[in-house]
Amino acid sequence: MPALNLAGRPVAEQLLARAAERVQHLPRAPRLALVRVGDDPASESYVRSKDKKAHQVGIQSEVHALAESTSSAELLALVERLNADPGVDGILVQLPLPAHIDEEPVLLAINPAKDVDGFHPVNVAQMWAGRARLNPCTPAGVLELLAFYGIPVAGRRAVVVGRSEIVGRPMAAMLLGRDATVTIAHSRTADLGAVTREADILVVAVGRPQFITPEMVKPGATVIDVGINRTEVDGKGKIVGDVHPDVAGVAGGLTPVPGGVGLLTVAQLMANTVTAAELRRLDR
Ligand code: GUN
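In this text, residue positions in the sequence shown follow this note's numbering: the first is 271, and each later residue adds one.
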């Protein structure tokens with residue numbers, strides 16, 4: 271039996287509908303500041319789609335598009351201004367930043383209560399301690415997808431392939447928070463296939479096209495493909511995941527690329543923005 275297609279769209283729609291409903295209970299619309307530096311086309315397109323989705327669910331968003339030549343000091347000054355503005359509930363600085371700007375001081379400067387990406391060290395620590403308030407959007411979206419399709423997590427073996435700050439590490443922390451037995455594998459893992467074959471839930475975020483092949487997957491496992499690799503096939507641009515499509519013949523469930531996890535990141539950002547607005551109301 272081929273794997274169940276774990277489509278992202280219905281999950282994203284449910285997340286957005288819930289966010290829109292929560293907005294109705296706030297005294298005013300949440301406000302999200304989206305900051306982008308330079309002219310990386312992928313970043314431009316991501317920020318545009320975040321801005322559009324925000325408006326759809328009743329979040330007021332504003333895009334701060336800064337020139338490539340912007341200095342660290344100028345960017346930090348903008349972050350400080352947004353931190354101090356009581357009307358701003360969420361701040362997101364789109365990554366990667368241009369090479370001349372060091373990312374770490376910028377992420378450190380964001381008020382943790384407004385850090386809708388969940389990248390600030392305070393929020394990272396809270397997440398590993400098991401009491402997160404704002405979780406990174408992509409792994410949080412993956413947990414929503416597992417819940418939507420009724421895939422149990424507690425007590426099961428989860429293997430995360432990839433240890434990035436944006437996906438792999440927070441994914442492992444969040445699966446642990448849901449009582450999975452978690453292994454983090456990566457490019458230096460010996461006999462990777464033996465490790466991935468242990469997984470009831472296999473999450474792959476390595477950024478290598480079709481890296482996970484059928485013999486690396488336990489029959490019936492749930493496979494979550496976080497990869498978004500831009501490749502060319504017959505002169506045409508095509509997006510492929512980190513998981514080979516033949517894995518569908520072995521897995522119990524598989525997220526498609528495109529149309530899987532990719533749709534969840536933006537939807538989860540809207541949920542996080544509403545959460546930030548709710549938390550700021552409570553803190554006052
Ligand atoms: N670049 C790629 N993914 C992300 C993300 O989740 N947040 C931000 N700010 N930048 C990104």
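Beta carbons: idealized from backbone N, C-alpha and C, even for Gly. This structure is a prediction, so every number in the text was calculated from the model and none was measured.
Any heavy atom of the ligand GUN closer than 7 Å to the Cβ of residue i?
| i | result |
| --- | --- |
| I361 | no |
| I436 | yes |
| L365 | yes |
| D387 | yes |
| T545 | no |
| T535 | yes |
| T408 | yes |
Shortest alpha-carbon distance to residue i belongs to which of the options?
| i | options | result |
| --- | --- | --- |
| L346 | S319, P366, R550, E374 | E374 |
| R306 | L296, L348, D359, K488 | L348 |
| V431 | R279, G529, R288, T466 | T466 |
| P528 | V536, P391, A518, G511 | G511 |
| C407 | V437, R551, R288, G357 | V437 |
| H370 | H514, A337, V452, V517 | A337 |
| A335 | L365, G328, N353 | L365 |
| K323 | L549, A547, D387, L534 | L534 |
| A546 | E283, P489, L404, V503 | L404 |
| A312 | P391, R500, E435, G400 | R500 |
| A289 | A343, T483, V327 | V327 |
| D470 | T453, K384, A395 | T453 |
| R551 | V474, A417, D359 | D359 |
| E435 | A475, V517, P300, T525 | A475 |
| V423 | A450, H514, A277 | A450 |
| R478 | V503, H514, P526, E485 | H514 |
| N275 | E332, V520, E548, P391 | V520 |
| G400 | D355, L378, G447 | G447 |
| G278 | S342, E468, F418 | F418 |
| L416 | A402, A491, D387, G388 | A491 |
| A343 | R318, D372, S331, G357 | D372 |
| T525 | I421, I380, R426 | I421 |
| P356 | P300, V293, D504 | P300 |
Between residue i and residue j, which are expected to be in contact by the criterion C-beta below 8 Å, what is the C-beta distance as a whole number of angstroms?
| i | j | result |
| --- | --- | --- |
| E556 | L285 | No information on residue 556 is available, as it lies outside the stretch 271 to 554 that the chain covers here. |
| G497 | A273 | Rounded, the Cβ-Cβ distance is 16 Å, inconsistent with contact. |
| V544 | G411 | So it is not a contact: roughly 15 Å between Cβ atoms. |
| A583 | W398 | What the structure shows of the chain is the stretch from 271 to 554, and residue 583 is not part of that stretch, so it cannot be assessed. |
| V429 | A455 | 6 Å |
| P409 | P382 | Not confirmed; about 18 Å, so no contact. |
Tell me which residue opens and which closes the alpha helix (DSSP H) that residue i is part of.
| i | result |
| --- | --- |
| S313 | 311–326 |
| R279 | 279–294 |
| V394 | 391–398 |
| G264 | The shown model of the chain, from 271 to 554, leaves out residue 264, and the question about it has no answer. |
| E373 | 373–379 |
| A219 | Because the chain here runs from 271 to 554, residue 219 falls outside it and cannot be looked at. |
| V465 | 462–466 |
May I ask which residues mark the beginning and end of the beta strand (DSSP E) holding residue i?
| i | result |
| --- | --- |
| R306 | 301–307 |
| V493 | 492–495 |
| V429 | 427–431 |
| A354 | That residue, A354, is in no beta strand (DSSP E); its alpha helix (DSSP H) goes 342–354. |
| G507 | 506–510 |
| A455 | 451–455 |
| V333 | 330–336 |
| T501 | 499–503 |
| G360 | 360–363 |
| I421 | Careful: I421 lies outside any beta strand (DSSP E) and carries neither H nor E. |
Quick check on the burial criterion: 16 or more other C-beta atoms within 10 angstroms. Buried or exposed for residue i?
| i | result |
| --- | --- |
| K508 | exposed |
| K320 | buried |
| M271 | exposed |
| N393 | buried |
| V493 | buried |
| D385 | buried |
| G308 | buried |
| D495 | buried |
| A282 | buried |
| R351 | exposed |
| H325 | exposed |
| R298 | exposed |
| Q538 | buried |
| S339 | exposed |
| A464 | exposed |
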